[in-house]
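Numbering (the working numbering), first residue to last: 10 to 105.
Following this line, the structure appears as C-alpha coordinates:
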(Lines of atoms letter the chains of each structure in order from A and count residues from 1; the text may use other names and numbers.)
(Lines give C-alpha, C1' and ligand atoms only; values in the text may rest on other atoms or scores of the structure.)
Protein backbone atom coordinates (compact mmCIF):
# COMPACT_ATOMS: atom_id res chain seq x y z
CA UNK A 1 0.00 0.00 0.00
CA UNK A 2 1.32 3.44 -0.92
CA UNK A 3 0.70 6.42 1.33
CA UNK A 4 1.42 10.12 0.86
CA UNK A 5 1.51 12.32 3.95
CA UNK A 6 0.90 16.03 3.37
CA UNK A 7 1.67 18.53 6.11
CA UNK A 8 2.97 17.79 9.56
CA UNK A 9 6.17 18.83 11.27
CA UNK A 10 9.67 18.61 9.75
CA UNK A 11 11.06 17.01 12.90
CA UNK A 12 8.50 14.19 12.69
CA UNK A 13 9.44 13.15 9.13
CA UNK A 14 11.32 9.99 10.20
CA UNK A 15 8.62 8.99 12.70
CA UNK A 16 5.90 9.28 10.04
CA UNK A 17 7.92 6.97 7.76
CA UNK A 18 8.52 4.49 10.58
CA UNK A 19 4.81 4.33 11.45
CA UNK A 20 3.91 3.64 7.83
CA UNK A 21 6.60 0.96 7.67
CA UNK A 22 5.13 -0.75 10.77
CA UNK A 23 1.77 -0.88 8.99
CA UNK A 24 3.43 -2.48 5.96
CA UNK A 25 3.14 0.59 3.74
CA UNK A 26 5.51 2.63 1.63
CA UNK A 27 5.21 6.35 2.08
CA UNK A 28 6.24 9.78 0.88
CA UNK A 29 6.19 12.67 3.32
CA UNK A 30 5.76 16.29 2.25
CA UNK A 31 6.00 18.70 5.18
CA UNK A 32 6.95 21.59 2.88
CA UNK A 33 5.71 22.36 -0.64
CA UNK A 34 8.40 21.32 -3.15
CA UNK A 35 8.57 22.39 -6.78
CA UNK A 36 6.28 20.28 -8.96
CA UNK A 37 4.35 19.02 -5.92
CA UNK A 38 1.50 17.60 -8.03
CA UNK A 39 3.92 15.54 -10.09
CA UNK A 40 5.70 14.18 -7.03
CA UNK A 41 2.54 12.88 -5.36
CA UNK A 42 2.10 10.12 -7.93
CA UNK A 43 -0.83 7.72 -7.55
CA UNK A 44 -0.99 6.54 -3.92
CA UNK A 45 -3.71 4.45 -2.31
CA UNK A 46 -4.14 6.85 0.63
CA UNK A 47 -3.35 10.54 1.06
CA UNK A 48 -3.17 11.62 4.71
CA UNK A 49 -3.55 15.37 5.23
CA UNK A 50 -2.60 16.98 8.53
CA UNK A 51 -5.07 19.85 8.31
CA UNK A 52 -3.57 21.90 11.13
CA UNK A 53 -0.13 22.22 9.54
CA UNK A 54 -0.69 22.22 5.78
CA UNK A 55 -0.68 25.11 3.32
CA UNK A 56 -3.87 25.64 1.30
CA UNK A 57 -1.91 25.25 -1.93
CA UNK A 58 -0.71 21.80 -0.85
CA UNK A 59 -4.19 20.81 0.35
CA UNK A 60 -5.79 21.76 -2.96
CA UNK A 61 -3.12 19.96 -5.00
CA UNK A 62 -3.41 16.81 -2.87
CA UNK A 63 -7.22 16.81 -3.08
CA UNK A 64 -7.11 17.22 -6.87
CA UNK A 65 -4.59 14.38 -7.19
CA UNK A 66 -6.68 12.13 -4.91
CA UNK A 67 -9.72 12.71 -7.08
CA UNK A 68 -7.74 12.10 -10.25
CA UNK A 69 -6.07 8.88 -9.08
CA UNK A 70 -8.94 7.53 -6.96
CA UNK A 71 -6.91 7.69 -3.73
CA UNK A 72 -8.66 7.80 -0.39
CA UNK A 73 -8.29 11.16 1.36
CA UNK A 74 -7.82 10.97 5.16
CA UNK A 75 -7.88 14.17 7.22
CA UNK A 76 -6.18 14.41 10.62
CA UNK A 77 -6.39 17.64 12.58
CA UNK A 78 -3.46 16.72 14.79
CA UNK A 79 -0.09 16.03 13.19
CA UNK A 80 1.11 13.75 15.98
CA UNK A 81 2.48 10.24 15.56
CA UNK A 82 -0.47 8.88 17.54
CA UNK A 83 -2.99 10.54 15.20
CA UNK A 84 -1.26 9.06 12.15
CA UNK A 85 -1.09 5.64 13.76
CA UNK A 86 -4.81 5.70 14.60
CA UNK A 87 -5.81 6.96 11.15
CA UNK A 88 -3.81 4.25 9.39
CA UNK A 89 -5.04 1.51 11.71
CA UNK A 90 -8.66 2.58 11.20
CA UNK A 91 -8.37 2.96 7.44
CA UNK A 92 -6.34 -0.19 6.79
CA UNK A 93 -8.67 -2.25 9.02
CA UNK A 94 -11.66 -0.84 7.13
CA UNK A 95 -10.18 -1.78 3.71
CA UNK A 96 -9.15 -5.33 4.65
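Even glycine gets a Cβ: it sits at the ideal position worked out from N, Cα and C.
Is it right to say residue i is buried, meaning 16 or more other beta carbons lie within 10 angstroms of its own, or is it exposed?
| i | result |
| --- | --- |
| residue 3 | Coverage of the chain is limited to positions 10 through 105, which leaves residue 3 absent and any answer about it impossible. |
| residue 49 | exposed |
Rounded to whole angstroms, what is the Cα-Cα separation between residue i and residue j?
| i | j | result |
| --- | --- | --- |
| residue 29 | residue 100 | 12 Å |
| residue 52 | residue 22 | 20 Å |
| residue 66 | residue 87 | 19 Å |
| residue 94 | residue 102 | 12 Å |
| residue 18 | residue 84 | 15 Å |
| residue 32 | residue 41 | 24 Å |
| residue 54 | residue 78 | 8 Å |
| residue 47 | residue 90 | 25 Å |
| residue 62 | residue 14 | 11 Å |
In the DSSP assignment, what residue or residues form a beta bridge with residue i?
| i | result |
| --- | --- |
| residue 31 | Looking at the DSSP assignment, residue 31 forms no beta bridge with any residue, so it has no partner. |
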